[in-house]
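Each number in this note's numbering corresponds to the 1-based position in the first sequence with 31 added.
Backbone N, C-alpha and C fix where the C-beta goes; we use that ideal spot for every residue, glycine too.
This structure is a prediction, so every number in the text was calculated from the model and none was measured.
Reviewing the structure listed below.
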Amino acid sequence: MSPPRKPPSRRATPRPPGSLPRLAPRRGAAAAARARAAAIEAVDAARAAAAGAGVAEPTVECAPLPGCEPGSSLPMAARIERWYAARGWAPFDFQRALATAVAAGESGLLHATTGAGKTYAAWFAALARWAAAGAPSPSGTRRGPPAPPLTLLWLTPMRALAADTGRALQAPLAELGCDWRVGVRSGDTAASERAAQDRRLPTALVTTPESLSLLLSRAEAAQTLGAVAIVVVDEWHELLGNKRGVQVQLALARLRRWNPALVVWGLSATLGNLDHARAALLGPAHAAQGRLLRGEVPKQLQIDTLLPSAPARFPWAGHLGMQMLPQVVAEIDASATALVFVNTRSQAELWYQALLDARPDWAGLLALHHGSLDADSRAWVEAGLKAGTLKAVVCTSSLDLGVDFLPVERVLQIGSPKGVARLLQRAGRSGHAPGRPSRVTLVPTQSLELVEAAAARAAAEAGHVEARRSPEQPMDVLVQHLVTVALGGGFRPDALLAEVRGCHAYRALDEAAWQWALDFVGRGGAALVAYPDYRRVAPDEGGVWRVPDARLARRHRMGIGTIVSDAGISVRYWGGRGAAGGRLGTVEESFVARLRPGDCFLFAGRLLELVRVHEMTAWVRRASGARPAVPRWNGGRMPLSSELAAAVVAALDDAADGRFDAPELERARPLLELQARWSALPRRGALLAETLKTREGHHLFLYPFAGRAVHLGLASLFAWRLARTRPLSFSIAVNDYGLTLLCAEDPDWDAALGAGLFEAGDLLGDVLASLNAGELARRRFREIARVSGLVFTGYPGEARSTRQLQASAGLFYEVFRNHDPANLLLDQAEQEVLRQELELGRLEAALAAMRAARLLRAPLRRPSPFAFPLLVERMREKLSTEKLADRIRRMLDELERAADAPAVSRAAPSAAREG
DNA sequence: CCATCCTTGCCTTCGC
C-alpha cells in the first residue's frame, strides 16, 4: 500500500493541484532557452537553499517525486525534477501518484491520454523504485551490490516503437548522469548487439512480446530473467484484445514465479473497460490489489469536419472521397506537417497519386506509408516525419502507433473512422506532447458520412469509447507456451498449471483441458501419434518436461509468436539501372495473377510495368502513361463499432426531430429530408424496413446499425429462415448501416416480417447452418495450426506460398475431424468464428433490438438515399468497374428525374449531374 | 469517371 504521505513542504515553484503544466512558451528558441535556464536555476537555488539550511538533498523540493523519502539516499528525485524543469514541464498529479505506487511495490494500470508524458512518468517511477531497491546509483556513487543482469523490462507492441523508446529512455539517463544501461532487443537488433546481449543483458531492456518469449525459450532463462523486478507494458490496449496479449499474460506469470514481488505496470490509452484491462494484465491473484491510475490531464481535443463545398454534387455512395481533394489540398497547404489517414492501402495509393497530381511542387515533400510497403521505405518516411522534412504523409493504420514524438501539426481522417477509440488515437498523433492540443479533421467521402462525422464527435466528447476484451483460453497459445517453457529450462506439470492459471485468460482452465494440452505437446494428441515431429516435449528421468530434439527446438523458436500473415508476392526492380533489385513491398498473389507482362500498375506511389513473375517475386520497371491497375489487398474488414453506430442513430434521431444543430447534419439536411420524404429516417427504437420492386426482383432493406459483420450474419440468417418455408433463393449485400435481400420471386415481405423472422429460436444452430460455419472454421484453423506449431512456415528466405500453407492447415483440420474430434483446437476454431468473425453476442443483441423495435414499413418507388449504397454494394460483386460506373450514372440520372421537386434540386442526388 | 477494406513480429548453429 502507499507509504504515509509527507506533510507538504517548501516548493520552489508552488503549483495548484491539477493545474496544467507550464510549457516553455513557443516564442523563439532564444526565449525558450532562457526560460529553461531560469527553471533549472530555480531548482538549483532551491536545492542550495535547502542544503544551506542543513536539509538533506532528497528533501529539496521542487515538487519531488514521492517515494523519495529524506535520507533514503535518493538524489534521484531532485535530478528528475530538474530534468522536467529543463523542459518547462511540471509533473502531473498522476505522475506523482504513479511514482508513489511503484515505489511502494504496487502493480497496476495507468490510463493516460496520448501525449501526456506517460512514457517518462513510468520510466522515472521505475528508476525511483529501482534506486530504492539498492541498485547502483548515479555514476560515481555506487552503493549496494552490482546491478543484476536485467531488472527492468519494457514491452512495446512494435519494433519501431521499441527503438524509439530505447532512445527516449536513454536520453534522460545521460542527462541525469546515470550509468545504467538501456538495451533494445527485437527483430531489428543487429547481430553484434544481439551477441553482446547474450553475454550480458543490459539493466533495462526494451523488447516485444515475441522477443521476450524467445528469451523465455532459452535454457538459461531463469538466470537471465529471474531477477526482473519491474515490467512496464506500453500500449497495453493494443495487446489486450488479441493473442499477443495472452502471450504477454503467460510471460508475466513466468516472471512472477521467479520473482513473486514483481511490479507490473500497464500503460493504456482510453478504453471502455479499464477494469478488465487491469484484471487481464495482473491476473486473478493480483488484480484486486492492483491500482488503476487515471492520468486524465486536461488535454485539449478538437474534432472538426471538412464540409463539402458543393453539397448538391456530393455523392450518395462510394468511399474514395476524391471530391474532397481540393479542400484536402488546401488544409495540407495551410499546415506545416499533416498525416492523412485513409482506411485501405489501395486508397492510400490513389490519394497519394491524386495529391501529387494536384500539387506537383510537393514532389519529395509528400510520402506514402502502409503495411505492404517495404520496411526500408517506411523507415525513410518515419525518419522524414521526425526530422520535419515532410509536408504530409498519406497513411493507413500503420502510423496509428509507433514513431512517437512526431512534430505533426494536423491529422486528417478520410472516410469513416469506424470507432471512437481509433479516432482519439489518431487525433493524438498531433500535438503529441504534454499540454499541446490535439486536432483531427474528418473528411467525409459521401453524404451519410456527414452524419457519421457529427456522431463521431458527439461520441468522442461524451467519452463513449469501445471496450476490448482478452481472449478466453486460446489453446493454441497455451500449446506454444508449453513448448517454450519446456525449452526454457523445462517444467513440472503441477507447478506450471498453477502458474498458467495465474493468467486471466486461463484462470478457469480445467484439468481435462490441461491434460489435453500436455498430451498434445507430448505425442500430438490421438491423431498424430505416428509422427515423431509431434512428439515435441517429454519428461526426463527427474520428471521435468523438456524438448529432447534439437531440430524441433530450433523449429519452435522460429515459429514463436501469434501473428499469422500471408506470404505476399514481393515486388522488385528488374535489371538495368541503379535501383535494380530494390524492394518496393508486397502485393497479393491474386492481383498479380490478373496481370500480364507489360501491364501497368500503381504501387508504392509509382507507376510500374510488370516484367515477369518468378518464384513469388514480381519483377517490375518504371513506366509512364497508360491506365494503371491499382492493387487491392484482402485485409480485415473492420465493422463500425457499436459505440459509433449508436451515435449515428442518435444523430438521425435528432434529424428526425428536426434538430440539425451540428454543422455536418445541417449540410446533410437535404439528403435526410429526401429520405424522410421518400421513405422514413431510421431512428432509435424503430426498425426501418424498405421494400422495392425492380426489374431484378423484390428488394428488402433493413437498417439495424450493427456493423457489417453482424449484418452479414443477419442477412444470411434471414435468407436461410425464409428459404426454409418456401424454396426461394436470395442474394444479399451489407454495409455498416444495414443489409438487403433480393429475391427474383415475390417472397411477400410483409408476411415474412410478421412471421417471426427476428425470433431468437435456435439462433446458434440457424446461424451455423446459414453461413456454412464449417468452411469458416476450416479457414480459421490456418492461424491456429500455425500458432500451435502444427504447421512449420519454413526457414527465413524460403518463401512458401499461401496456398501451400492453407493446404497443409486444411489437412490437419480434416485429420482431426476424422480421427480426433475431441481435439480442443477444433473447438477453438469454431469459437473464434462465432465470437470474432460473426460477433455472435452483438448479433443476438441486434436481433433482440429488432424484435423490440417499432416497425417502420416503407414501400419505395425508387431507391432511397439509405438504400442506394446497398444497391451499389450488391451490383459491385457482379459488374466490372466500368460497367458499374455506367450503371451508377444511369441510376442517379433516373433518380434526379424522379426527384424533380424543389427539395431535391438542392439535395445530394443531383450528384448525378456529374454523370 | 468509379474506386474499400488495417495493423502488429520473427532464427539458428557450428567449427575454425
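Buried versus exposed call for residue i [16 or more other C-beta atoms within 10 Å across all chains shown]
i, result
"residue 112", "buried"
"residue 389", "exposed"
"residue 367", "exposed"
"residue 744", "buried"
"residue 781", "exposed"
"residue 894", "buried"
"residue 842", "exposed"
"residue 685", "buried"
"residue 760", "exposed"
"residue 562", "exposed"
"residue 721", "buried"
"residue 340", "exposed"
Reduced DSSP secondary structure (H/G/I, E/B, other) of residue i
i, result
"residue 297", "strand"
"residue 457", "helix"
"residue 23", "Missing from the structure shown is residue 23; the chain here goes from 32 to 946 and no further."
"residue 85", "With a pLDDT of 43 at residue 85, under the threshold of 50, the modelled position of that residue is not reliable, and no figure is offered here."
"residue 286", "helix"
"residue 601", "strand"
"residue 650", "strand"
"residue 580", "coil"
"residue 724", "strand"
"residue 757", "coil"
"residue 616", "strand"
"residue 114", "helix"
"residue 474", "strand"
"residue 595", "coil"
"residue 424", "strand"
"residue 560", "coil"
"residue 183", "strand"
"residue 266", "coil"
"residue 161", "helix"
Assumed close pair residue i, residue j - CB separation to whole angstroms, cut-off 8 Å
i, j, result
"residue 947", "residue 351", "With the chain represented from 32 up to 946, any question about residue 947 goes unanswered, as that position is not in the structure."
"residue 887", "residue 703", "That belief does not hold up - the Cβ atoms of residue 887 and residue 703 are roughly 15 Å apart, past 8 Å."
"residue 399", "residue 383", "4 Å"
"residue 402", "residue 377", "Their Cβ separation, rounded to whole angstroms, is 12 Å, which puts residue 402 and residue 377 out of contact at 8 Å."
"residue 396", "residue 386", "Not confirmed; about 10 Å, so no contact."
"residue 680", "residue 715", "5 Å"
"residue 640", "residue 651", "6 Å"
"residue 447", "residue 671", "7 Å"
"residue 255", "residue 182", "About 12 Å; that fails the 8 Å criterion."
"residue 521", "residue 577", "4 Å"
"residue 9", "residue 272", "The requested residue 9 is not part of the displayed model; the chain covers only 32 to 946."
"residue 855", "residue 544", "6 Å"
"residue 194", "residue 215", "6 Å"
Of the listed residues the options, nearest to residue i (C-alpha basis)
i, options, result
"residue 450", "333, 489, 714 and 423", "489"
"residue 666", "860, 817, 114 and 595", "595"
"residue 723", "717, 716 and 732", "732"
"residue 556", "706, 257 and 851", "851"
"residue 749", "602, 592 and 773", "773"
"residue 872", "738, 507 and 920", "738"
"residue 660", "675, 635 and 647", "635"
"residue 548", "576, 533, 768 and 506", "506"
"residue 303", "470, 675, 357 and 721", "675"
"residue 769", "552, 694, 261 and 730", "730"
"residue 260", "728, 158, 586 and 590", "158"
"residue 669", "688, 453 and 788", "453"
"residue 264", "409, 228 and 311", "311"
"residue 861", "794, 883, 807 and 474", "807"
"residue 354", "364, 897, 363 and 338", "338"
"residue 809", "784, 840 and 280", "840"
"residue 156", "180, 110 and 119", "110"
* To do: Would you list, in sequence order, the uninterrupted beta strand (DSSP E) runs of no fewer than 3 residues that lie entirely inside the segment 215-239?
  => 235-238
* Asked: What are the complete beta strand (DSSP E) segments, minimum 3 residues, inside the segment 760-830?
  -> 761-765 and 770-774
* alpha helix (DSSP H) segments (min. 4 residues) lying fully within the segment 657-707 -> 673-687
* Please go through the segment 343-412 and give each complete beta strand (DSSP E) segment of 3 or more residues, from N-terminal end onward. => 369-372 and 397-400
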